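Visitor: Residue numbering for the sequence shown follows our numbering, starting at 1318 and increasing by one per position.
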Amino acid sequence: MTTPATSFDERYRVIRSRDRRFDGQFVTAVRSTGIYCRPSCPARTPKEANVTFYATSAAAHEAGYRACKRCLPEAAPGSPQWNLRGDVTARAMRLIADGVVEREGVPGLAGRLGYSSRHLTRLLAAELGAGPLALSRAHRAHTARMLLVGTDMPAADVAFSAGFRSVRQFNDTVLEVFGMTPLRLRATRRAGGAEAAAPGAIDLLLPHRAPLDGAGLFAWMAARAVRGVEVADASSFSRAVRLPGGVARFRIRLEDGRVRLNARLDHVGDLPVLVTRVRRLFDLDADPVAVDEALSQHPELTGPVAAVPGIRVPGTADPHEMLIRAMVGQQITVGAARTALTTLTDRLGDRIEPHEGIDRLFPTMTAIAEHGHDVLRGPAARIRAITGAAAALASGELVLGPGDDGAEQRAALLARAGIGPWTADYVRMRVLGDPDVTLPGDVAVRSGAAALGIPSDPRGLTTWAERLAPWRSYLTAHLWAAAPVATRGARARRVAGPAEVRNRTSPTPESEPGRPSEPVQTPSREAS
């Protein structure tokens, strides 16, 4: 199994071998040249005495180094460590990437994490070599580089799209970080980086680690697409989403193994937030080689991993929406949940200008809290649970986001009527990107386990899965893929023989029963 390189000797061996798997997980600063590189940089390996390793490019910036013009370390995928880890540093990194510092400042970031600004700055500086402002600045520099080399946007538009408050600040930061002016940096672009985008559109390539099971991701999205909000097919996914500055439309597709994002935004300053959320939605910062190596060590999973390399765990573009979709999908099939969510959106969602099948937004939590009981159908307790959760999210009584502490988030969800362990764990998997979640009460998971010769009773499955920590969410994804589920038929056929697929029935994934006093989850089905 590929493990994070943490010691100096481990990291030095990585840069000597130019192992691309570690790009984005640390940077190499070279004192004799004053530059820092990604681990796979093709330049001659520097002497050990001249090397310092940093966890982030921001730390290298703070130490006075500039980015390598040859390997462009800012173009590497993000580190999977921020999802693997649930500590304050990891939570801070997820929130910084989501633009919290730009919107709320360091005090806002610190408040979300339960620390004072001074203590949080000390903590991050001690571990990462850079405080929140420097980390946020590095994130803006990364977005600016991506736009400069990946689009034909005017430099001034790039500055504000990347989150800079002035063109001068943008020019100074780009020169300091990359050792080049913005126009010189743009001249380094490589062939095939950008298409001729329509006026007002942004077209980018999003880095990721190969392999990537794009077919599986698009199939997942297509099975759950809410009409009017989302459009998905075998090779692309589009939707509209609310961001802090307004509405954004985006489309993701695969071209020759590359992930391409096309977007239109009401407010260009929302672009870094959109890119971060799309990366989380498609799990683009995952380390698929490490995951596949760990899972394939077990005979029951060797075939599925070989058939579906680079499987991903879908995230979410909106944490609040994720909870509502999961709760609406309880007790009904995937198709029925999609119908219910479409009806909810038809009645309560805000209309936007129609374009390529998208003409509305998912309802706000306020709209669901106030009018959901007029639209939703089913047991009264279930409807009260959904509208109550929406009201709590709208008021701030319930906080749900990528910077949550996993255990605290789970406890807060379980404390609410109508939310049992399956829903809380499923939301943790999708909202936090937690790679180590099992869903032993999920019927599709148990069916997939039985199909692969893994214990399928909840206790037996939980015990068996312990050997796969910290990658149990990816085990769950493989079990979903192997389950005899009609909505995942295409993926099921990739891990089973034709005869076995023909003989399968078509149950939908279900959750484990909730607390006995809450029949709203006895049992539930998910269709988010």
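All residues carry an ideal CB built from backbone N, CA and C; glycine is no exception. As the structure is a prediction and not an experimental result, all values here were calculated from the model.
#1: Using a Cβ distance threshold of 8 Å, determine whether the segment 1446-1457 contacts the segment 1364-1379, with at least three qualifying pairs required.
#2: Using a 10 Å radius around the Cβ and a threshold of 16 neighbouring Cβ atoms, would you call Ala1443 buried or exposed?
#3: By the three-class DSSP mapping on this structure, what secondary structure does Val1344 have?
#4: How many Å lie between Pro1775 and Asp1759 at the Cα?
#5: On a CA-only basis, which of Ala1657, Leu1678, Glu1547 is nearest Asp1667? Give me that one, please.
#6: Count the C-beta pairs between the segment 1682-1691 and the segment 1393-1401 that are closer than 8 Å, then say yes if the count reaches three, no if not.
#7: So for Ser1736, helix, strand or coil by DSSP?
#8: Using the Cα positions of Ala1697 and Ile1736, report the straight-line distance between them to the nearest angstrom.
#9: At the level of alpha carbons, what is the spacing between Ser1555 and Gly1563?
#10: Whole angstroms are fine: how far does the CA of Ser1764 sit from the CA of Arg1330?
#11: Tell me whether the segment 1402-1411 and the segment 1352-1369 touch, counting them as touching only if at least three CB pairs, one residue from each stretch, are closer than 8 Å.
#12: Determine, using beta carbons only, whether Gly1579 and Ile1519 come nearer to each other than 9 Å.
#13: Under 8 Å Cβ to Cβ from Ala1807, same chain only, skipping five residues before and after it: list those, please.
#14: Take Leu1588 as the anchor and find which of Leu1560, Arg1727, Glu1391 has the nearest alpha-carbon.
#15: Can you give me the C-alpha to C-alpha distance between Pro1671 and Ala1565, rounded to a whole angstrom?
#16: If I measure Cβ to Cβ from Glu1365 and keep anything under 7 Å in the same chain, skipping five residues before and after, which residues do I get?
#17: With a Cβ-Cβ cutoff of 9 Å, do Pro1772 and Val1630 count as a contact?
#18: Three or more C-beta pairs closer than 8 Å, one from the segment 1378-1392 and one from the segment 1461-1469: is that the case here?
#19: Less than 9 Å between the beta carbons of Leu1284 and Arg1408, yes or no?
#20: What residue range does the alpha helix (DSSP H) around Cys1325 cover?
#21: Return the CA-CA distance between Gly1750 and Thr1406, expressed in angstroms with no decimal places.
#22: Roughly how many whole angstroms lie between the Cα atoms of Ala1724 and Gly1718?
#23: With a CB to CB cut of under 8 Å and the five nearest residues on each side skipped, what residues in its chain are close to Gln1486?
#24: Provide the residue span of the beta strand (DSSP E) that contains Ile1519, from first to last.
#25: Helix, strand or coil: which one does DSSP assign to Tyr1353?
#26: Compare the Cα-Cα distances from Asp1600 to each of Arg1333, Gly1620, Val1585, Ala1527 and report the closest residue.
#27: Would Leu1796 be called buried (16 or more neighbouring beta carbons within 10 Å of its own) or exposed?
#28: Return yes when the Cβ of Thr1659 is within less than 9 Å of the Cβ of Val1748, no when it is not.
#29: Going by beta-carbon coordinates alone, are Asp1474 and Val1585 separated by less than 9 Å?
#30: Sorted by chain position, which residues of the same chain lie with C-beta nearer than 6 Å to Leu1529's C-beta, five sequence neighbours on each side aside?
#31: Any idea which residues DSSP pairs Asn1579 with across the strands?
#32: Does the Cβ-Cβ distance between Ile1569 and Val1608 come in under 9 Å?
#33: Does the distance from the CB of Val1692 to the CB of Leu1730 come in under 9 Å?
#34: Is Leu1792 helix, strand or coil when you go by DSSP?
#35: Assuming Leu1618 is part of the alpha helix (DSSP H), what are its boundary residues?
#36: Taking its Cβ as the centre, do 16 or more other Cβ atoms sit within 10 Å of Pro1471, making it buried, or is it exposed?
Guide: Looking at the atomic coordinates:
#1: yes
#2: exposed
#3: strand
#4: 9 Å
#5: Leu1678
#6: no
#7: It is Ile, not Ser, that sits at residue 1736 in the sequence shown. Ile1736: coil per DSSP, three-state reduction.
#8: 15 Å
#9: The alpha-carbon atoms of Ser1555 and Gly1563 are separated by roughly 17 Å.
#10: 43 Å
#11: no
#12: For the sequence presented, residue 1579 should be read as Asn rather than Gly. Taking 9 Å as the Cβ cut-off, Asn1579 and Ile1519 qualify as a contacting pair.
#13: Note that Ala1807 scores 34 on pLDDT, short of 50, meaning its location in the model is unreliable and no value can be drawn from it.
#14: The option with the nearest alpha carbon to Leu1588 is Leu1560.
#15: Answer to the nearest angstrom: the Cα atoms are 13 Å apart.
#16: Tyr1329
#17: no
#18: By the criterion of at least three beta-carbon pairs nearer than 8 Å, the segment 1378-1392 is in contact with the segment 1461-1469.
#19: Residue coverage of the chain in this structure runs from 1318 to 1845, which leaves residue 1284 outside it and unanswerable.
#20: The amino acid at residue 1325 is misidentified as Cys; the sequence shows Phe. Its alpha helix (DSSP H) spans residues 1325-1334.
#21: The alpha-carbon atoms of Gly1750 and Thr1406 are separated by roughly 15 Å.
#22: 13 Å
#23: Ala1476
#24: 1519-1523
#25: Here Tyr1353 sits in strand by DSSP.
#26: Its Cα nearest to that of Asp1600, the residue Ala1527 stands out among Arg1333, Gly1620, Val1585, Ala1527.
#27: buried
#28: Going by C-beta atoms, Val1748 is not nearer than 9 Å to Thr1659.
#29: yes
#30: Gly1627, listed in sequence order.
#31: Asp1520, Arg1568
#32: no
#33: Cβ atoms of Val1692 and Leu1730: not closer than 9 Å.
#34: helix
#35: In the DSSP annotation of this structure, the continuous segment of the alpha helix (DSSP H) that includes Leu1618 starts and ends at 1616-1624.
#36: exposed
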